[in-house]
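Residue numbers (my numbering), protein chains in the order written: chain B, 26 to 260; chain P, 26 to 260.
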DNA sequence: GCCCATTTTATAAAATCTTTATAAATCCCC
DNA sequence: GGGGATTTATAAAGATTTTATAAAATGGGC
């Protein structure tokens, strides 16, 4: 789970075994984990500026709900409750007083990790966020024009500069046929001279890469005697 | 629930009664609710820019998981899955492919509302705090833009002026490729003339310094024949 | 004058682009 | 429907371009 790398997570629970179990599990994913055995200790740890807080509800002295209410306005990171109290009313209360998630004990470590990762991911999205990217999407295929990156089912596929240029041009004009000369002119520039085989070769490479990740698809169609075109809807 | 006022929520489910039930419930809280009966309709509704998406997993044509994967990179709002599939593996899958929450059917409307409100609240918190953010964080790396200081694992690393300029520009636009000419123009100024090797050299120095403190990471990627870009998620 | 950041130069290494040759597919006219 | 011509596909190798590295030169500030 790449998202968890480098993040600081505060785990608060009065049961030491649970704390150490969670700590170890999250550290395995690359997070830095700081811990507290009760609400007061947790308050002291806040100066470390955690990226996420996991909070047991039932603790002596200062319980999880109380702690959450105290810090919620000062701390903008997600707060996840973990509790043996399974009633719906408890879950709703936890979410209402400022919690972002509520997991009932006994819980699966894998689900805890998945939920922690999801919250961290969403935080990153919003923080690194306000990047309006131009992304072309055709089914499972995505062309990130600013990042010059191609993804199929979220998986990045390396394309060379020329390959990307050709794909971009075609995909920006779905359904329109481009002759090889047109492609050459648009991508290499007006004065450029070159063999039309060059295009053929690049198209072949593009198709090969797309074909590996998405075998049934046929994004680039050959229009015989004319050129190539991008299929509006991949088949 | 104050948070829900004025928000737009997209509800996607093929069972019309469920859609209308959720719609009514959320509208009572002050949200604007738009709906879709399947994945394709949902895609068409995305132009409305919802603040949150509720997604049924099992739908004909395009299921919730598939839809989520398709849109996750373009849509930064929270995505909540609602599903009759209750197995842990399903929940974890949903959270792993970009979902932010997973609620099993049959669900309590009150809990759904509480979870929706919690996600909206957290988004508002982050977006509000985003304005005066002056420290960029990428994994273990922190860029203090005000203090022009670079820290890895809390340890400060000295960077020269140009090095910091280049890093700052790249890191402020994660995922976007900058050509050497673009970098030169943005940092040295329009009229400046210079060798593109200068950039190469500075990038080398930056990578060397980052590499010492964080050997596995690769923050700046070479996009062959195009330029350099900052990885949103360091690999 | 010395130190440090910056830039330039030269060379090595890597990746890509283009060409060439050959095979396969498609079209068109008879 | 078949044969020849044309167009496109495939594969591999050479040429070219681009980037990485190292080291030396420049130039300003103390």
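Just so you know, even glycine gets a beta-carbon here, dropped at the ideal spot from N, CA and C.
Alpha-carbon to alpha-carbon, residue j and residue i
i	j	result
residue 260(B)	residue 235(P)	Confidence in residue 260(B) is poor, its pLDDT being 34 and thus under 50, which makes the residue's placement unreliable; the coordinate value appears in the next sentence. Taking the straight line from one Cα to the other gives about 45 Å.
residue 52(P)	residue 147(P)	20 Å
residue 72(B)	residue 100(B)	10 Å
residue 62(B)	residue 35(B)	11 Å
residue 90(B)	residue 194(P)	42 Å
residue 132(P)	residue 213(B)	58 Å
residue 139(B)	residue 121(P)	6 Å
residue 88(P)	residue 28(B)	25 Å
residue 54(B)	residue 202(B)	48 Å
residue 239(P)	residue 177(P)	7 Å
residue 211(B)	residue 227(B)	15 Å
residue 160(P)	residue 222(B)	50 Å
residue 255(P)	residue 199(P)	5 Å
residue 58(P)	residue 79(P)	10 Å
residue 129(B)	residue 108(B)	5 Å
residue 43(P)	residue 56(P)	17 Å
residue 46(B)	residue 141(B)	15 Å
residue 252(P)	residue 205(P)	6 Å
residue 74(P)	residue 33(P)	8 Å
residue 218(P)	residue 192(P)	20 Å
residue 69(P)	residue 40(B)	49 Å
residue 10(P)	residue 257(P)	Nothing in the structure corresponds to residue 10(P), since chain P is present only between 26 and 260.
residue 209(B)	residue 175(P)	44 Å
residue 197(B)	residue 170(B)	10 Å
residue 207(B)	residue 182(P)	50 Å
residue 163(P)	residue 215(B)	42 Å
residue 262(P)	residue 67(P)	Residue 262(P) lies beyond the range of chain P shown here (26 to 260); nothing can be said about it.
residue 184(P)	residue 245(B)	46 Å
residue 149(P)	residue 250(P)	40 Å
residue 116(B)	residue 60(B)	23 Å
residue 220(B)	residue 237(P)	46 Å
residue 95(P)	residue 95(B)	39 Å
residue 225(B)	residue 224(P)	34 Å
Helix, strand or coil at residue i according to DSSP, with G and I counted as helix
i	result
residue 247(B)	strand
residue 61(B)	strand
residue 133(P)	coil
residue 191(P)	helix
residue 175(B)	strand
residue 184(P)	coil
residue 39(B)	coil
residue 149(P)	helix
residue 90(P)	helix
residue 30(P)	coil
residue 236(B)	helix
residue 241(B)	coil
residue 167(B)	strand
residue 228(P)	helix
residue 82(B)	coil
residue 215(B)	coil
residue 73(P)	helix
Sub-9 Å separation of residue i and residue j beta-carbons
i	j	result
residue 93(P)	residue 119(P)	yes
residue 165(P)	residue 48(B)	no
residue 179(B)	residue 97(P)	yes
residue 137(P)	residue 50(P)	yes
residue 151(P)	residue 152(B)	yes
residue 83(B)	residue 112(B)	no
residue 134(P)	residue 76(P)	no
residue 81(B)	residue 126(B)	no
residue 173(B)	residue 248(P)	yes
residue 114(P)	residue 124(B)	no
The ligand COA heavy atom lying under 8 Å from the CB of residue i
i	result
residue 63(P)	As far as ligands go, the structure on display features none, and thus does not contain the ligand COA.
Three or more C-beta pairs closer than 8 Å, one from the region 214–233 of chain P and one from the region 175–193 of chain P: is that the case here? yes
Practice prompt. Give, in chain order, every unbroken run of the beta strand (DSSP E) that is at least 3 residues long and sits entirely within the region 94–141 of chain B.
Written response: 104–108 and 126–129
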